[in-house]
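Visitor: Sharing a structure, written as structure tokens. Questions coming.
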Amino acid sequence: MTKDTRAGLSINHMVLGDGSERALMMHCTLSSARAMAPMAMAFENLFTTTVFDLPGHGQSGGWDFNGDLQDRVTEIAQSFIDRPIHLIGHSFGATVALRLMAKMPEQIKSVVLFEPVFVEAAFQRRPKLRASYAAEAQDFVKAIKNNDKERATIEFLKMWGDGTPWEAIPPSLRQSMIDKIDVVDAGTPALHQDMHGLLGPTGLANYKGPALFIRGARSISIMQDIHTALVELMPQADDHAVGGAGHMVPMTHQAECVALMDEFYQKSRF
16 MTKDTRAGLS INHMVLGDGS ERALMMHCTL SSARAMAPMA MAFENLFTTT
66 VFDLPGHGQS GGWDFNGDLQ DRVTEIAQSF IDRPIHLIGH SFGATVALRL
116 MAKMPEQIKS VVLFEPVFVE AAFQRRPKLR ASYAAEAQDF VKAIKNNDKE
166 RATIEFLKMW GDGTPWEAIP PSLRQSMIDK IDVVDAGTPA LHQDMHGLLG
216 PTGLANYKGP ALFIRGARSI SIMQDIHTAL VELMPQADDH AVGGAGHMVP
266 MTHQAECVAL MDEFYQKSRF
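Going by the working numbering, the sequence shown opens with residue 16, and the numbers climb by one from there.
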């Protein structure tokens with residue numbers, strides 16, 4: 016594991032596998048690079064994979080709350096790309112992959128995205144979803160406004176967790192997630208509006224390579240709309256739902272995800 020300064024922040028990262036192809040893997044908020052490591056090792060003979068801890072997560076330094084979180088993480092991710100690469104991302108990490116796909120499509124050989132939480136994609140496709148999603152998220156928003164970090168974390172996990180009851184989570188892990196919840200909220204603006212034109216003609220439509228979207232069949236309903244909206248923008252994109260899984264599908268149903276990825280990589284012929 017290595018820690019160095021990227022985009023002005025102390026970022027912890029590690030390299031897994033020794034395959035001839037290069038990959039970059041990005042985790043979700045309230046998690047860490049270690050959570051994605053087993054999936055990286057499933058392809059250790061195919062990829063040499065870099066994984067890094069988001070600011071304020073794992074062993075990376077804290078988020079300084081300067082600028083936009085997604086902008087800074089995109090800058091961090093881009094610092095690891097010095098040749099054509101394969102992207103793998105989950106949730107917020109997958110939204111960073113979307114930014115890279117639009118910004119530097121010629122450097123991206125393939126993408127596998129698990130539930131990118133770019134809700135604006137669904138809103139633009141079905142405007143009525145904006146009100147229904149706001150109602151679903153109102154308890155989280157209220158808790159954030161009231162600076163009730165524990166309640167905000169509980170409400171966030173109701174929408175985006177793996178279904179584990181709050182009381183069943185070890186106290187140390189609960190506190191760790193509570194400590195990160197302000198960073199989660201800092202990432203919200205870029206998800207609720209198309210700040211970077213990803214949905215327009217000069218955005219994701221520029222990416223022509225293969226893309227695999229994997230979601231949990233039991234995730235909150237807006238995720239299917241997000242996937243549908245994004246897949247429609249890309250000529251070589253496919254959407255798969257894993258039965259019985261929720262938002263944390265790459266962790267809870269790793270074997271099924273690896274099988275889908277393996278098939279995808281074989282077909283991609285890179």
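Cβ atoms here follow ideal geometry from the backbone N, Cα and C, with glycine treated the same way.
Just to confirm before moving on: does the CB-CB distance between H262 and M238 stay below 9 Å?
Guide: Working through the sequence shown from its first residue, we reach residue 262 at position 247. Working through the sequence shown from its first residue, we reach residue 238 at position 223. Yes, the pair counts as a contact, with Cβ atoms nearer than the cut-off.
Visitor: In chain order, what residues of the same chain lie with their CB nearer than 6 Å to the CB of T168, ignoring the 5 residues before and after it?
Guide: Here residue 168 refers to the residue found at position 153 of the sequence shown. Answer for T168: M192, I193, I196, listed in chain order.
Visitor: Is the distance from the Cβ of D240 to the Cβ of R141 below 9 Å?
Guide: The residue given as residue 240 occupies position 225 in the sequence shown. The residue given as residue 141 occupies position 126 in the sequence shown. Contact flag set, yes.
Visitor: By the 10 Å Cβ neighbour count, where 16 or more other Cβ atoms means buried, how is L227 classified, buried or exposed?
Guide: Here residue 227 is taken as the residue at index 212 of the sequence shown, counted from 1. Result: buried.
Visitor: Since V11 and A92 are thought to touch, with beta carbons under 8 Å apart, how far apart are those beta carbons, to the nearest angstrom?
Guide: Coverage of the chain is limited to positions 16 through 285, which leaves residue 11 absent and any answer about it impossible.
Visitor: Please determine if the segment 153–169 and the segment 244–254 are in contact, where contact requires at least 3 C-beta pairs separated by less than 8 Å.
Guide: Short answer: they don't touch.
Visitor: Express the C-alpha separation of P225 and Q269 in angstroms, rounding to a whole number.
Guide: One-based indexing of the sequence shown puts residue 269 at position 254. One-based indexing of the sequence shown puts residue 225 at position 210. So the alpha carbons of these two residues sit roughly 21 Å apart.
Visitor: Of the choices I123, A205, V134, E135, whose alpha-carbon is the least far from that of S283?
Guide: Counting from 1 along the sequence shown, the entry for residue 283 is found at position 268. Closest by alpha carbon: I123.
Visitor: Expressed to the nearest angstrom, what Euclidean distance is found between the alpha-carbon atoms of Q85 and Q281?
Guide: Counting from 1 along the sequence shown, the entry for residue 85 is found at position 70. Counting from 1 along the sequence shown, the entry for residue 281 is found at position 266. If you take the alpha carbons of Q85 and Q281, they lie about 31 Å apart.
Visitor: Just tell me which of T17, Q251, H42, G215 has its CA closest to the CA of K118.
Guide: Taking the first residue of the sequence shown as 1, we reach residue 118 at position 103. Closest by alpha carbon: G215.
Visitor: Do A152 and E135 come within 9 Å of each other at the CB atom, strictly closer than that value?
Guide: Start at 1 with the first residue of the sequence shown, and residue 135 comes out as number 120. Start at 1 with the first residue of the sequence shown, and residue 152 comes out as number 137. Taking 9 Å as the Cβ cut-off, E135 and A152 do not qualify as a contacting pair.
Visitor: State the beta-bridge partners of D64 as determined by DSSP.
Guide: Position 49 of the sequence shown, counted from the start, is the residue given in the question as residue 64. According to the sequence provided, residue 64 is Thr. The question's Asp does not apply to it. According to DSSP, T64 bridges with L31, A38.
Visitor: Secondary structure at D19, three-state DSSP: helix, strand or coil?
Guide: Residue numbering aside, residue 19 sits at position 4 when the sequence shown is read from its first letter. Of the three classes helix, strand and coil, the one that applies to D19 here is strand, per DSSP.
Visitor: Please report the residue range of the beta strand (DSSP E) in which I96 lies.
Guide: As a first step, residue 96 is located in the sequence shown; it is residue number 81 there, counting from the start. Counting along the chain, I96 falls outside any beta strand (DSSP E), and DSSP gives it neither H nor E.
Visitor: Anyone know if the C-beta pair for S35 and L69 falls short of 9 Å?
Guide: For the purposes of this step, residue 35 is identified with residue 20 of the sequence shown, where counting begins at 1. For the purposes of this step, residue 69 is identified with residue 54 of the sequence shown, where counting begins at 1. No; because the gap between Cβ atoms is not below 9 Å, this pair is not in contact.
Visitor: Against chain D, with Cβ distances strictly below 9 Å, would S46 count as a contact?
Guide: Although the question refers to chain D, the structure presented lacks it and comprises just one protein chain.
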